[in-house]
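Please read the structure below before turning to the comments.
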Amino acid sequence: MNWIHIASILGAAIAIAIGSVGPALGQGRSVAAAMDAIARQPEAANTVSRALFVGLAMIETMAIYCLVIALLLLFANPFA
Amino acid sequence: MQINWWTLALQAINVLVLIWLLTRFLYRPVLDVIERRQEMADRLLADAASAKSDAERQNSALKQQNEALSADAERLHAEARAAADVERGRLLEQARAEASARIEQAQAAADAERSHMAKQLEAKAGELAGQMTEKLLARIDTGATFETMLAALTARLEKLDDADRARLLGDDPLTITTPAPLRAPERERCSAAIAAVAPGHPQITFAVDPALIAGVELHGPHSLVRNSWRADLDAMIANIQEDDHGERR
Amino acid sequence: MTINSPLESHIVFTIGSVPVAQPVITTWAIMAALVTGSWWATRRLRVEHPSRVQAALEMIVETVTVQIRETIGGAPKPYLPLIGTLFIFLLVANWSSLLPGVEPPTATLETDAALALIVFAATLWFGVRALGLRRYLATFAMPSAFMLPINLVELFTRSFSLTVRLFGNVMSGAFMIGVVLSLAGLFVPIPLMALEMLTGAVQAYIFGALAMVFIGSAISEASDNQQGTPA
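If you read the sequences in order, they're chains A, B and C.
The C-terminal residue of the first sequence carries number 299 in my numbering, and the numbering is unbroken.
The C-terminal residue of the second sequence carries number 246 in my numbering, and the numbering is unbroken.
The C-terminal residue of the third sequence carries number 240 in my numbering, and the numbering is unbroken.
Following this line, the structure appears as structure tokens:
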């Protein structure tokens, strides 16, 4: 286990850790806003929840990107 | 890591084939069924709509017919009323005419009756007057009037012109009628008076008629010289009646 | 503890020089199942008194149709095969991980890339079909010429993000279940599998919805354009 491996593992952990924070905050905000909107206009619940799901998936993509980077570092490290 | 391009190509082809197969086996039949059902529903709706419009048309036609019928009925009603009015007017007129005719008739009958009655009364009155006069005169001796009546007869005979006198006296037998039988001298005076007017007259007979009251009348077969109170009374009554009629008219 | 790399797929056999990987075989199995199932289900469709299976099929098709009409607008019929197939295939493929020993084909990058490529091609195709080649290309310079590189980059990045989103979600789920399974054993992975089912369904829906959004934006830039031009 050379230092590249150590750096890769550390990089993967840091990528997941930091990369999860932003999407988590964003998802929390968007869900809160969606709840608010549904509470104000229950008849628009379908439209709002559809937009919410699409938005959540979009935000989640950021975390998924981080996950992909981490997995690349772990399993398909081009420098290893 | 590396992308396996063969896998990528195969997967893309797989998905395209799946799209085609599912289009063939899933979407088209299901869409067909949905479309057919929609068509059926549309047809049903159209049927219902056409039935509804039919019903509405029928309804309006019936309403129109109803209106026409009611208008007809009103017209007939009006006609009947007019006919009844005319008939009633005619009947009324007829009744009125009949009534007036009857009234007129009754009036005429009453008039006739009244005039008839008046005439009868007058006749009766004349008769009564005659009888009264007769009774009054019966108390006078006929001889007292004989002279004057004979004189009047001779005067009338003298007044006749020759033709009349000849026709009256002629050759026929004459009858002298008096109310009471004449005594011999009086007969002679009569014959003398006739002979004075118509000399040579052969036969003179004498008759009695109390109805004359007073007077001397000369009867021939064709002619008559009335010279008596009876004749005067008759003339006077006739005269009065004629005057009455004249006044009434 | 040894874990196979989730980024590499196992080549089962080769036909000539064409290597056939495990996900391709799984996809074939899924295709066979879907086609057989739909053939069997649409064998006797009836206009009146539909059977239960037919009612379910009609409900699925109706739902997709309604979604397409709401998102893209216009007649949904040209888009139904693409969107419906994407949704159904992704749902079945994502849920195929529930079968023991089956790795979902969407957990490999190539499958997701192929799907994203098809969506990319469909976006171009429908855009050109709706607007004509020249006007469709002109939409990339909207609202101004400065947006041209950004629009072009977006065209590719959104396909890339589509790929990576689906891949990351499904792969991570499968990977997690594999890890937990190797650690704990019997009943512990069940909640994770339930979560994976939900994720798979949501990702299938989102993939289809994003495909609709992309196609809708491609063909509706015309109307935006026409509305914007007089102003």
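Yeah, the Cβ is synthetic: ideal placement off N, Cα and C, and Gly gets one too.
Taking 9 Å as the upper bound on Cβ-Cβ separation, chain B lies near residues L95, I97 and F98 of the stretch 95 to 110 of chain C. Chain order gives no chain C residues near V267 of chain A, where near means a beta carbon separation below 7 Å; the closest approach is about 14 Å. Between the stretch 108 to 127 of chain C and the stretch 7 to 16 of chain B there are three or more C-beta pairs closer than 8 Å, enough to call the two in contact. DSSP places T117 of chain C outside both helix and strand once states are collapsed to three, so it counts as coil. Look at the stretch 2 to 20 of chain B: the residues with a C-beta under 9 Å from a C-beta of chain C are W2, W3, T4, L5, A6, L7, Q8, A9, I10, N11, V12, L13, V14, L15, I16, W17, L18, L19 and T20.
Taking the Cα positions, T117 of chain C is about 10 Å away from Q31 of chain C. Taking C-alpha positions only, I228 of chain C is separated from N160 of chain C by approximately 15 Å. Assignment of S170 of chain C by DSSP, reduced to helix, strand and coil, places it in the helix class. Residue burial annotation: S50 of chain B is exposed, with fewer than 16 other C-beta atoms found within 10 angstroms of its C-beta.
As a beta-bridge residue in DSSP terms, S225 of chain B pairs with B:G212.
Among the CB atoms of chain C, none fall inside 8 Å of the CB of L41 of chain B. CA-CA distance, T174 of chain B to A181 of chain B, rounds to 15 Å. Going by C-alpha positions, M151 of chain C is about 21 Å away from A220 of chain C.
I69 of chain C and G245 of chain A have their C-alpha atoms some 32 Å from each other.
At a Cβ-Cβ threshold of 8 Å, A234 of chain A and A295 of chain A do not count as neighbours.
Counting other Cβ atoms within 10 Å of its Cβ, F176 of chain C reaches 16 or more and is therefore classed as buried. The alpha carbon of Q63 of chain C has as its nearest neighbour, out of C:A42, C:F98, C:E163 and C:W48, the alpha carbon of C:W48. Within the model, the alpha-carbon separation for N265 of chain A versus W222 of chain A is close to 52 Å. Contact between A253 of chain A and L271 of chain A holds, with the beta-carbon distance rounding to 4 Å and staying under 8 Å.
Annotated three-state conformation of A204 of chain B is strand, per DSSP.
In the DSSP assignment, F96 of chain C falls within the alpha helix (DSSP H) that extends over L89 to W104.
Annotation: the stretch 29 to 99 of chain C contains the following complete segments of the alpha helix (DSSP H) (minimum length 4 residues), in chain order: 31 to 50 and 61 to 80. In terms of Cα proximity to F98 of chain C, the closest of C:P109, C:K86 and C:P113 is C:P113. Here F176 of chain C is not bridged, per DSSP, to any residue. Counting other Cβ atoms within 10 Å of its Cβ, V75 of chain C stays below 16 and is therefore classed as exposed. The count of Cβ pairs closer than 8 Å, one atom from the stretch 175 to 195 of chain C and one from the stretch 100 to 114 of chain C, reaches three, so the stretches are in contact.
Distance between P90 of chain C and A52 of chain B, taken at the CA atoms: about 45 Å. For L171 of chain B, the enclosing beta strand (DSSP E) covers residues L171 to T175.
Counting only Cβ-Cβ distances below 8 Å, Y214 of chain C has contacts in chain A at F272, in chain order. Contact annotation: F216 of chain C and L95 of chain C have beta-carbon atoms nearer than 8 Å. From the beta-carbon of L91 of chain C, the residues of chain B found nearer than 8 Å are I16. Residues of the stretch 148 to 161 of chain C with a Cβ closer than 7 Å to any Cβ of chain B: none. In the displayed model, I0 of chain B falls within coil according to three-state DSSP, outside both helix and strand. In chain order, G177 and S181 make up the part of chain C whose C-beta sits under 7 Å from the C-beta of L286 of chain A. Secondary structure remark: continuous beta strand (DSSP E) runs of at least 3 residues inside the stretch 64 to 127 of chain B: none found.
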